[in-house]
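Residues 931 to 1104, numbered by this note's numbering, are exactly what the sequence shown covers, in order.
The C-beta atom is built at its ideal place from N, Cα and C for all residues, glycine as well.
Remember, predicted model here, so these are calculated numbers, not experimental data.
So the structure is just underneath, and the comments pick up after that.
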Amino acid sequence: MEKDYEELLEQAKIDLPDNKRMLKHLKKKNLDELFQKHHEKVFKKIDCLICANCCTTTGPILLVRDIDRISKSLRMKPAVFEANYLRRDEEGDWVFKTMPCPFLGSDNYCLIYDVRPKACREYPHTDSKNMHKLFDITLTNSTICPAVAMILERIRAENGDKWTKKQIMQNQDR
Ligand code: SF4
Ligand code: SF4
């Protein structure tokens, strides 16, 4: 991963309490539009092909229809695909046996891109509907995905960083 991206993730770990406070205070109205706007701008700057951190470190949950679609494209029976590539996690969901993902190419392209799991298509979920229901996962993803880290950084900056502990104390002193 690029050094810039690593730095974004490091900073996001430090900023977790501020980001958590900010998300708690953001108004629900126009929240999806706010995230969507920054999602689009940030993904013009961040290049997934020089990152691939999600495919390297945190795998998707695979739904039955994902398994059916992928195994079909690999001309494999679903049971064989499961035996070769998948395991059940603690919650009983299907996940890849090994990470980095077995379908991550050496050039960071996804070898099953057209049929990839739904969770991969939707990651990192910052252009989802009902963002207010995704705050926990967004905070977690800010330490995995440099794009999410940057999106939260931008939303905080746009609001004058008023959720930092220091800023809150200064406001109380006024
Ligand atoms: S299936 Fe493709 S997009 Fe999903 S984790 Fe693997 S390499 Fe990444
Ligand atoms: S979605 Fe995020 S973590 Fe995954 S490759 Fe793109 S920038 Fe990196």
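Legend entry - Counted within 10 angstroms of its Cβ, other Cβ atoms place Ile980 as buried (16 or more) or exposed: exposed
Inset, instruction - Spatial neighbours of Asp962 within its chain, please: CB distance less than 8 Å, with the 5 preceding and 5 following residues excluded, ordered by chain position. - result: Ser1058, Lys1059, Asn1060, Met1061
Legend entry - Same chain, Cβ closer than 7 Å to Ser1072, five either side skipped, listed in chain order: Ala942, Asn949, Val1078, Ala1079, Leu1082
Inset, instruction - May I ask you to check if the CB of Cys978 is nearer than 6 Å to at least one heavy atom of ligand 1? - result: no
Inset, instruction - Mind the definition here: the region 1013-1033 touches the region 984-999 only if three or more C-beta pairs lie below 8 Å; say whether that holds. - result: yes
Inset, instruction - Report yes if the C-beta distance between Leu1004 and Trp1024 is below 7 Å; otherwise report no. - result: no
Legend entry - Collapsed DSSP secondary structure at Arg951 in the structure displayed: helix
Inset, instruction - Can you give me the Cβ contacts of Pro990 inside the same chain, cut-off strictly under 6 Å, excluding the 5 residues immediately before and after it? - result: Pro1047, Ala1049, Cys1050
Legend entry - Endpoints, beta strand (DSSP E) assigned at Val1025: 1024-1026
Inset, instruction - Return the chain-ordered list of same chain residues with a C-beta closer than 7 Å to the C-beta of His969, the five sequence neighbours on each side being excluded. - result: Thr1056, Asp1057, Ile1081
Inset, instruction - Go ahead and label Pro1054 buried or exposed: buried means 16 or more other beta carbons lie within 10 angstroms of its beta carbon, across all protein chains shown. - result: buried
Inset, instruction - Indicate whether Leu964 and Pro1076 have their beta-carbon atoms separated by less than 7 Å. - result: no
Legend entry - Nearest-angstrom beta carbon gap, Met952 and Ile1042 [assumed within contact, 8 Å]: About 36 Å; that fails the 8 Å criterion.
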